[in-house]
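Asker: Residue numbers (the numbering used here): 1232 to 1470.
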């Protein structure tokens, strides 16, 4: 086991991950909180499984060493994983997990065992945590989503005119969003993402074997993108 390690969770499968800048081994974890904390719907588990397996392949194609931990293994609980890694580790690098329990467990463990912990800013958000302090002041009594939305529009100059007013005259169009879809208008055709059939079959078998008591059904019409390429195509079609 290497002395320095990257640990990644199901919600951190970034194409341009900040962890790619180092040469550490990756550990991809089907973590307990994502797979087994509750009896999650089978399609949710399938989505995580497919995206993580695709990401494993993505890393390996770039000659990165990867250890993959399945949700059925004891080490899928981050506490067990850290205990087993403890004797060999000097440094752990993670991306901000955006999860209180995971971050607390990792931080407490590293502090207790004198292991250096580096937490990278999450690419999931355009605004850094440190930049939120001005808006979310401790002495502020009320917070409104619309106020935050307007501040972000101004900060990033999104649909803002030279005079500082919003393009179109209004900051939000929530009233229009609540209107019914026009009867005489046909919705755009949706092209669902393609999946790797071998990986899909293997993942379905894994779930049907290990998650028999979970709700939901899985058929061959899985519609969600599970890799970077198909996700980009879906995004373009949405636009």
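The beta-carbon is built from N, C-alpha and C at its ideal position, and this holds for glycine as well.
With a floor of 4 residues, list each alpha helix (DSSP H) that falls wholly inside the region 1292-1343, ordered by position along the chain.
Answerer: 1309-1316, 1331-1343
Asker: Which value, in whole angstroms, describes the spacing of the CA atoms of residue 1383 and residue 1404?
Answerer: 16 Å
Asker: Identify which residue in 1359, 1343, 1286 has its Cα closest to the Cα of residue 1386.
Answerer: 1359
Asker: Is the distance from the Cβ of residue 1373 to the Cβ of residue 1347 below 9 Å?
Answerer: no
Asker: What are the boundary residues of the beta strand (DSSP E) that residue 1348 is part of?
Answerer: 1347-1351
Asker: By Cβ distance, which residues of its chain are closer than 6 Å to residue 1456, with the 5 residues on each side in sequence left out?
Answerer: 1424, 1462, 1465
Asker: Give the straight-line distance between the Cα atoms of residue 1327 and residue 1414, rounded to the nearest whole angstrom.
Answerer: So the alpha carbons of these two residues sit roughly 45 Å apart.
Asker: Within 9 Å (strictly less), CB to CB, does residue 1361 reach chain B?
Answerer: In the structure shown, chain B does not exist; there is a single protein chain.
Asker: Leaving out five residues before and five after residue 1313 in sequence, what residues of the same chain have Cβ atoms less than 6 Å from its Cβ?
Answerer: 1340
Asker: Provide the residue span of the beta strand (DSSP E) that contains residue 1260, from first to last.
Answerer: 1256-1260
Asker: Would the beta-carbon of residue 1370 fall within 9 Å of that of residue 1353?
Answerer: no
Asker: Would residue 1290 and residue 1320 qualify as a contact pair, given that the criterion is a beta-carbon distance under 9 Å?
Answerer: Not closer than 9 Å, so no.
Asker: From what residue to what residue does the beta strand (DSSP E) around residue 1417 run?
Answerer: That residue, residue 1417, is in no beta strand (DSSP E); it is neither H nor E in DSSP.
Asker: How far does the alpha helix (DSSP H) with residue 1467 in it extend, from its first residue to its last?
Answerer: 1459-1469
Asker: Mapping the DSSP letters down to three states, classify residue 1354 as helix, strand or coil.
Answerer: coil
Asker: Our contact map puts residue 1332 next to residue 1264 with C-beta atoms below 8 Å; I'd like the distance itself, whole angstroms only.
Answerer: About 6 Å separates the two Cβ atoms, so the contact holds.
Asker: Any chance you could list the alpha helix (DSSP H) runs of at least 4 consecutive residues sitting entirely within the region 1366-1394, in chain order?
Answerer: 1376-1387
Asker: Please tell me whether residue 1441 and residue 1282 are closer than 9 Å, where the distance is taken between their beta carbons.
Answerer: Taking 9 Å as the cut-off, the beta carbon of residue 1441 is found no closer than this to the beta carbon of residue 1282.
Asker: How would you call residue 1244, buried or exposed, if buried means at least 16 neighbouring beta carbons within 10 angstroms?
Answerer: buried
Asker: First and last residue of the alpha helix (DSSP H) that includes residue 1408?
Answerer: 1405-1408
Asker: Where does residue 1456 sit, in a helix, a strand or coil, going by DSSP?
Answerer: coil
Asker: Looking only at its own chain, which residues have a Cβ that is under 6 Å from the Cβ of residue 1336, when we skip the five neighbours before and after it?
Answerer: 1309, 1310
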